[in-house]
Structure formats: C-alpha cells, structure tokens
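Peer 1: Numbering (this note's numbering), first residue to last: 17 to 161.
C-beta: ideal position from N, C-alpha, C; glycine also.
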Amino acid sequence: MSSTDRIERELVIDAPVERVWAAITESDQIVKWLGDFAEIDLKPGGRLVFGWSEHGRFNAVIDEVEPTSRLVYRWTTESGVEVTDGNATRVEYTLAPEGSGTRLRLVENGFDALAFAPEVRAAKHADNVGGWQSELDELKVYVEA
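1) Mapping DSSP to helix, strand and coil, what is A142?
2) Assuming A54 is part of the beta strand (DSSP E), what are its boundary residues?
3) Give the C-beta separation of W91 and T110 to the nearest angstrom, bearing in mind that I take them to be a contact with Cβ-Cβ under 8 Å.
4) Terminal residues of the continuous beta strand (DSSP E) containing E34?
5) Do P113 and V33 have their beta-carbon atoms positioned less than 8 Å apart in this structure?
6) Just curious, the beta strand (DSSP E) that P113 is in, first and last residue?
7) With contact counted as at least three CB pairs below 8 Å, one residue from each stretch, are the segment 65–72 and the segment 40–51 in contact?
8) Do you know how far the Cα of E124 is from the Cα of A39?
9) So what's A76 in DSSP terms, helix, strand or just coil?
10) Taking 8 Å as the CB-CB cut-off, is A131 touching chain D?
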C-alpha cells in the first residue's frame with residue numbers, strides 16, 4: 017500500500033460518543049460541519065449523499081453500521097456519479113469513549129484502486145488529506161459547542 021492509498025486521522029472530542037455519532041449520522045447535523053447538503057439512509061446498503069455548493073454532490077453506499085461505534089461507507093471521488101468499483105474510496109469512522117469525551121478515528125483508503133491515472137489518484141488523495149483535516153476540525157468545533 018502506497019503512502020497515497022490511505023488517510024488516517026485520530027482526534028479526541030470533548031463530547032459524549034452519542035453526540036459525536038449523531039453528528040456523523042444525521043443529515044441535519046452533517047451539514048453543520050461537512051458540506052452544505054446531506055442525505056442518509058443509515059443501514060447497510062443505504063444511500064448517503066454529501067453536497068458542497070462549490071464541488072457538487074458525492075454519492076456513497078453504506079457498508080457497515082454499528083450504532084455509536086462504527087460507520088463504514090464507500091463514496092465516489094467524482095460529483096454526480098454512482099458508486100462503482102474503480103471510482104470510490106472506503107471511509108471508516110470508529111468512535112470510542114475516552115474519559116468524558118470520544119476518540120474518533122477516521123480511515124479512508126482505496127485511492128490506489130481508483131481507475132484513474134496515477135497523478136489523478138495522487139491529486140484526489142491530496143485533496144482529501146486537506147479536506148479531512150479541515151472537516152474534522154469543523155466537526156470537533158461543532159460537537160464541542
């Protein structure tokens with residue numbers, strides 16, 4: 017696995033697990049920190065859509081849901097297309113209590129398997145590295161407020 021296949025980020029949020037879980041799984045809360053549109057059918061095989069006015073809408077399919085502890089989905093790297101092999105990466109959130117707060121771990125991988133030229137895959141990875149840094153910082157601020 018190359019250094020451009022995977023993104024890992026871990027942070028401690030000063031809020032209970034249930035509050036963080038709601039922020040990553042309820043559309044009215046997702047839009048407070050991740051984009052400006054969200055739609056979620058929270059079940060394996062359920063559809064998830066994230067939208068940003070400047071980037072478009074990105075479709076996802078939920079693979080796993082373990083309430084308050086784990087959410088896994090595959091999402092497209094291109095606006096407006098359905099999830100298929102070769103156009104999606106896998107995102108996994110893991111939540112665990114830590115003191116009175118929550119340890120959130122995010123892993124996104126699968127960039128090397130995208131059906132794009134190597135430089136395009138690397139650019140998509142770099143975009144998401146910066147994107148997750150910004151978005152998870154916003155999540156922390158939102159949930160702790």
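Peer 2: Answer, in terms of the structure:
1) helix
2) F53 to I56
3) Their Cβ separation, rounded to whole angstroms, is 17 Å, which puts W91 and T110 out of contact at 8 Å.
4) Looking at the DSSP string, E34 is not in any beta strand (DSSP E); the run it does join, the alpha helix (DSSP H), is V33 to T41.
5) yes
6) A104 to E114
7) Taking 8 Å as the limit for Cβ pairs, the verdict is that the segment 40–51 does touch the segment 65–72.
8) The alpha-carbon atoms of A39 and E124 are separated by roughly 18 Å.
9) strand
10) Among the protein chains of the structure shown there is no chain D, as only one such chain exists.
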